[in-house]
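Notes for the one structure printed next.
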Amino acid sequence: MYVWSAKANGFFPISEKEKFEASGLWPDDGVIVSEEEHKKLFMDIPPGKQIGTQNGKPALIDIPQPTKKELIAIAEVKKSQLREKADGEISWRQDAVDADIATDEETSTLTQWKKYRVLLMRVDTSTAPDIEWPTPPAVQAR
18 MYVWSAKANG
28 FFPISEKEKF
38 EASGLWPDDG
48 VIVSEEEHKK
58 LFMDIPPGKQ
68 IGTQNGKPAL
78 IDIPQPTKKE
88 LIAIAEVKKS
98 QLREKADGEI
108 SWRQDAVDAD
118 IATDEETSTL
128 TQWKKYRVLL
138 MRVDTSTAPD
148 IEWPTPPAVQ
158 AR
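Taken in order, the sequence shown gives residues 18 to 159; the numbers are from the numbering used here.
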């Protein structure tokens with residue numbers, strides 16, 4: 018048997034009640050849930066659903082859409098990852114140019130990566146999720 022807490026959005030095994038009470042974590046809004054109900058909720062969670070609360074009881078609910086703030090944060094992470102990739106591609110090619118050992122292809126690709134990085138830095142993440150990301154140059158083997 019379990020206790021479902023809407024406040025904690027989680028299950029607490031009744032067999033562990035003393036431990037939770039001793040640590041001050043036993044929920045005061047608990048609803049008893051049978052083993053069968055508990056298993057049923059976890060057996061096959063369909064895409065787009067999660068365990069949540071409905072009328073004070075555990076139920077499968079729709080996963081909420083990300084907020085604008087969350088979408089912007091996701092876009093910022095993506096931008097940072099793409100920038101890191103571009104920096105790495107530019108770095109070794111610039112080293113080759115600086116050492117005067119770059120091939121024509123490396124020099125040309127360096128220019129493309131620098132242009133890509135500039136376009137990437139101009140991306141306005143506040144428009145997420147409606148962002149047109151620049152296309153990176155094709156990556157050649159080193």
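Glycine residues also receive a C-beta, built at the ideal position from the N, C-alpha and C atoms.
Alpha-carbon to alpha-carbon, residue j and residue i
i	j	result
S125	P153	14 angstroms
V48	G73	8 angstroms
Q129	A113	15 angstroms
R100	V140	11 angstroms
P75	P64	17 angstroms
E38	F29	11 angstroms
D61	Q98	33 angstroms
G69	L136	41 angstroms
V50	W109	59 angstroms
G41	K86	33 angstroms
D117	P151	29 angstroms
I107	L77	48 angstroms
L58	K36	25 angstroms
E122	Q82	44 angstroms
T144	R134	19 angstroms
E33	A90	38 angstroms
D115	T84	46 angstroms
Cutoff 7 angstroms; reference residue i; Cβ partners in own chain excluding five residues on either side
i	result
I31	M18, Y19, V20
H55	Y19, F28
K96	L137, V140, T142
E52	M18
D46	S22, A23, K24
Cutoff 8 angstroms; reference residue i; Cβ partners in own chain excluding five residues on either side
i	result
E93	T142
I148	A92, V140, D141, T142
Q111	L127
T120	A113
Paired residues, beta bridge with residue i - DSSP
i	result
I77	According to the sequence provided, residue 77 is Leu. The question's Ile does not apply to it. Bridge partners of L77: I68.
I49	V20
G27	S22
Reference residue i; option with closest CA among the options
i	options	result
P146	L88, D117, K56	L88
D79	I118, Q67, A103, A90	Q67
A155	K102, A119, T144	K102
Q71	A23, T120, G105	A23
K132	D104, E53, T120, D115	D104
Spatial neighbours of residue i in its chain, beta-carbon cut-off 6 angstroms, leaving aside the 5 residues before and after
i	result
A25	P44
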